[in-house]
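**Q**
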Amino acid sequence: MDCIKDGIIGQIVGDALGLPVQFEPREFRDIDPVTKMTGNGAFDLPAGSWSDDSSLILATIDGLSKSLKKKGDEENLSLNDIIDYDIIMKNFSLWLNDGKFTPYGFAYDIGGATMDGIKRYDRGTEPILSGGIGERDNGNGSLMRILPIAYFIYYLSKKYHIDEEDKMTAIHNLSSLTHRHRRSQLCCGIYTLIALEFIENHEKESNLGLEELIANGIRKSKEYYSNNEEFKGQLHHFDRVFSLNIQNLPRDEIKSGGYTISSLEASIWCLLNNNSYKDTVLEAVNLGYDTDTTACIVGGLAGIYYGYGDIPNEWIDKLAKLDYIEDLVDKFSHPLIDLL
Ligand SMILES: [Mg+2]
Numbered sequence: 016m017d018c019i020k021d022g023i024i025g026q027i028v029g030d031a032l033g034l035p036v037q038f039e040p041r042e043f044r045d046i047d048p049v050t051k052m053t054g055n056g057a058f059d060l061p062a063g064s065w066s067d068d069s070s071l072i073l074a075t076i077d078g079l080s081k082s083l084k085k086k087g088d089e090e091n092l093s094l095n096d097i098i099d100y101d102i103i104m105k106n107f108s109l110w111l112n113d114g115k116f117t118p119y120g121f122a123y124d125i126g127g128a129t130m131d132g133i134k135r136y137d138r139g140t141e142p143i144l145s146g147g148i149g150e151r152d153n154g155n156g157s158l159m160r161i162l163p164i165a166y167f168i169y170y171l172s173k174k175y176h177i178d179e180e181d182k183m184t185a186i187h188n189l190s191s192l193t194h195r196h197r198r199s200q201l202c203c204g205i206y207t208l209i210a211l212e213f214i215e216n217h218e219k220e221s222n223l224g225l226e227e228l229i230a231n232g233i234r235k236s237k238e239y240y241s242n243n244e245e246f247k248g249q250l251h252h253f254d255r256v257f258s259l260n261i262q263n264l265p266r267d268e269i270k271s272g273g274y275t276i277s278s279l280e281a282s283i284w285c286l287l288n289n290n291s292y293k294d295t296v297l298e299a300v301n302l303g304y305d306t307d308t309t310a311c312i313v314g315g316l317a318g319i320y321y322g323y324g325d326i327p328n329e330w331i332d333k334l335a336k337l338d339y340i341e342d343l344v345d346k347f348s349h350p351l352i353d354l355l
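Residue numbering for the sequence shown is 16 to 355, as defined by this note's numbering.
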C-alpha cells in the first residue's frame with residue numbers, strides 16, 4: 016500500500032482539527048484543550064471544515080497530476096521539465112478568485128504572502144517569480160502545502176533520472192510560487208527531505224524510528240545547504256533544527272505562530288514527543304495560535320508514519336467534501352503508483 020492518502024488526509028484532518036481555534040493563544044488551550052473535531056470558532060463553519068492549507072494542497076496535487084499527464088511520456092525529462100508551474104499557479108488563482116478547491120465554493124483564511132504571490136501572477140508575473148522575497152514573506156504558507164512534491168519526487172525517480180539539483184530546484188520553485196525567500200525555500204527543503212525519509216521507510220517497510228528518520232532528513236538537508244552559496248546566509252536561522260535536539264526543548268521554547276521556521280520546529284517537536292497520529296496533531300493544535308497550519312504540517316508526516324488506519328475514523332468521516340478530496344487524491348496517486 017502506498018502512503019499518499021495517509022499523508023494528504025493526515026494534513027487535511029490536522030487543518031480541520033485546528034481551524035476552529037485558530038489565532039487563540041496557548042493559554043486558552045491549556046485551560047480548554049482540543050480533544051476532538053469541533054466546529055464554529057474562527058470562521059464559524061461546521062466541524063470538518065478545512066481551510067486554505069488543504070485547498071492549496073489539493074490545488075497542488077491536481078496541478079502535479081495534470082503536469083504528468085501532459086508531459087510524462089516524453090523522453091529524458093527532468094523533474095522541472097515535467098512540472099508545469101503555470102498549471103499549479105492557475106489552480107491557486109482559481110482557488111483565490113473563484114473558490115475552486117474549497118469546501119463551500121469560496122476561499123477563506125488566506126495568508127498575506129500567498130495572496131500577494133497569486134495577485135502578482137494574475138498581473139502577469141511568471142509563476143516561479145511570483146512569491147515575495149522580503150524578510151516578512153517567511154510565513155508558513157509554502158511549508159503547509161509542500162508535501163505533495165515529496166511523493167512526486169519519490170515516484171518519478173523510479174522512471175526518470177532525477178539528480179539532487181533537479182530535486183531541490185523543484186522544491187524551491189514550488190515554494191516560490193508564493194514564498195520565494197531563501198529561508199522559506201530552505202524550510203520546504205528540510206521538510207521535504209524528512210518526508211522522503213518517511214515515504215521510503217513506509218515503502219520499504221524499514222520500520223525505522225521517528226528520531227532516526229527525522230535526523231536522516233535533517234542531516235541530508237544540512238549537507239546540501241551547507242555546500243550551497245545561495246543558502247549559506249540563512250543557515251544560522253536553522254541552528255536549533257540542525258542541532259537535532261528540538262525534542263528536548265521545553266514547550267515554552269516552541270513557538271506556534273505563522274513564521275515558517277516556528278512551524279517546522281513545532282512539527283518536529285510534536286512528532287518526537289508523541290506516539291500516535293492523534294496525540295501528535297492534538298499536541299500541535301494545543302500549542303495554540305496558528306493551530307490549523309501547525310497541525311496540517313505535522314499531520315502529513317504523522318499520517319505517513321503511523322498510517323491511514325491510525326487517523327481516527329470519526330475525524331476523517333467529518334471532513335467536508337470527503338468524496339471530492341478522495342477523488343483528487345486518487346487522481347494524483349494512481350499515475351504515480353503506476354510508475355513503480
Ligand atoms: Mg488555514
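All C-beta atoms in this analysis are idealised placements derived from N, C-alpha and C, irrespective of residue type, glycine included. Computed from a prediction, not measured in an experiment: that's the story for all the values here.
Along the chain, where does the alpha helix (DSSP H) containing P142 start, and where does it finish?
**A** Note, P142: premise wrong, no alpha helix (DSSP H); not H, not E.
**Q** Distance check for K81 and D96, CA to CA, integer angstroms please.
**A** So the two alpha carbons sit approximately 13 angstroms from each other.
**Q** Using only CA atoms, which one of D267, V313, P118 and G147 lies nearest to I229?
**A** The option with the nearest alpha carbon to I229 is V313.
**Q** Measuring CB atoms only, is the stretch 73-88 touching the stretch 151-171, in the sense that at least three cross pairs come out at less than 8 angstroms?
**A** Yes, the stretch 73-88 touches the stretch 151-171.
**Q** Quick one: does the C-beta of D30 sit closer than 7 angstroms to a heavy atom of ligand 1?
**A** Yes.
**Q** Tell me which residues share the same chain as K174 and place their Cβ nearer than 6 angstroms to its Cβ, disregarding the 5 neighbours each side in the sequence.
**A** Correct list, in chain order: L354.
**Q** Contact between the stretch 225-241 and the stretch 37-44 is defined here as three or more beta-carbon pairs at a separation below 8 angstroms; is this criterion met?
**A** No contact exists between the stretch 225-241 and the stretch 37-44.
**Q** Taking contact to mean 3 or more Cβ pairs, one atom from each stretch, closer than 8 angstroms, check whether the stretch 190-205 and the stretch 293-305 are in contact.
**A** Because the criterion of three Cβ pairs below 8 angstroms is not met, the stretch 190-205 and the stretch 293-305 do not touch.
**Q** In this structure, how does DSSP classify N55 when only helix, strand and coil are distinguished?
**A** Strand, per DSSP.
**Q** Under a Cβ-count criterion, where at least 16 other Cβ atoms within 10 Å of its own Cβ denotes burial, should P142 be classed as buried or exposed?
**A** Classification of P142: buried, given that the 10 Å Cβ count is 16 or more.
**Q** Does the stretch 145-153 touch the stretch 212-219, meaning 3 or more C-beta pairs lie closer than 8 angstroms?
**A** Counting Cβ pairs under 8 angstroms, fewer than three are found: no touch.
**Q** When you compare the stretch 58-76 with the stretch 107-115, are there three or more beta-carbon pairs, one atom per stretch, that lie closer than 8 angstroms?
**A** Segments in contact, yes.
**Q** Give every residue of the same chain whose Cβ lies closer than 6 angstroms to the Cβ of K20, excluding the five residues on either side of it in the sequence, and list them in chain order.
**A** Excluding sequence neighbours, K20 sits near Y323 and V344.
**Q** For ligand 1, is there a heavy atom less than 7 angstroms away from the beta-carbon of T308?
**A** T308: yes, Cβ under 7 angstroms from ligand 1.
**Q** According to the neighbour-count rule (16 or more other Cβ atoms, all chains shown, within 10 Å of its Cβ), is N289 buried or exposed?
**A** Buried, by the Cβ-count rule.
**Q** What I want to know is whether the C-beta of S66 ends up closer than 7 angstroms to one or more non-hydrogen atoms of ligand 1.
**A** Yes - ligand 1 has a heavy atom lying nearer than 7 angstroms to the Cβ of S66.
**Q** Using 7 angstroms as the cut-off, classify the Cβ of L124 as near or not near the heavy atoms of ligand 1, replying yes or no.
**A** Reading the sequence as shown, one finds Asp at residue 124 and not Leu. Because some heavy atom of ligand 1 lies under 7 angstroms away, the Cβ of D124 counts as near it: yes.
**Q** Distance, Cα to Cα, E180 vs D59?
**A** Distance between the alpha carbons of E180 and D59: 44 angstroms.
**Q** Between which two residues does the alpha helix (DSSP H) carrying Y320 extend?
**A** Where Y320 is concerned, the enclosing alpha helix (DSSP H) stretches over T306 to Y321.
**Q** In terms of residue numbering, what span does the alpha helix (DSSP H) encompassing G78 cover?
**A** Where G78 is concerned, the enclosing alpha helix (DSSP H) stretches over D67 to K86.
**Q** For the candidate residues Y119, I214, W65 and T140, whose alpha-carbon lies nearest to that of G22?
**A** Residue I214 is the option with its Cα nearest to G22.
**Q** Could you give the first and the last residue of the continuous alpha helix (DSSP H) run that contains K346?
**A** From DSSP, the alpha helix (DSSP H) with K346 extends over L337 to I352.
**Q** Per DSSP, H194 is paired with what?
**A** Answer by DSSP bridge pairing, in chain order: G147.
**Q** Can you tell me where the alpha helix (DSSP H) holding N153 begins and where it ends?
**A** Here N153 belongs to no alpha helix (DSSP H), and DSSP marks it neither H nor E.
**Q** Please list, in chain order, all residues of the same chain as T308 whose beta carbon is under 6 angstroms from its beta carbon, the five residues on each side excluded.
**A** So the list reads D68, N155 and M159, once near-sequence residues are dropped.
**Q** Which residues in the same chain have their Cβ closer than 7 angstroms to the Cβ of I269, if we skip the five residues on either side of it in sequence?
**A** Closer than 7 angstroms at Cβ, skipping near neighbours: E280, A281, W284 and L302.
**Q** Please list, in chain order, all residues of the same chain as A299 whose beta carbon is under 6 angstroms from its beta carbon, the five residues on each side excluded.
**A** Within the same chain, A299 has close Cβ partners C285, T309, A310 and V313.
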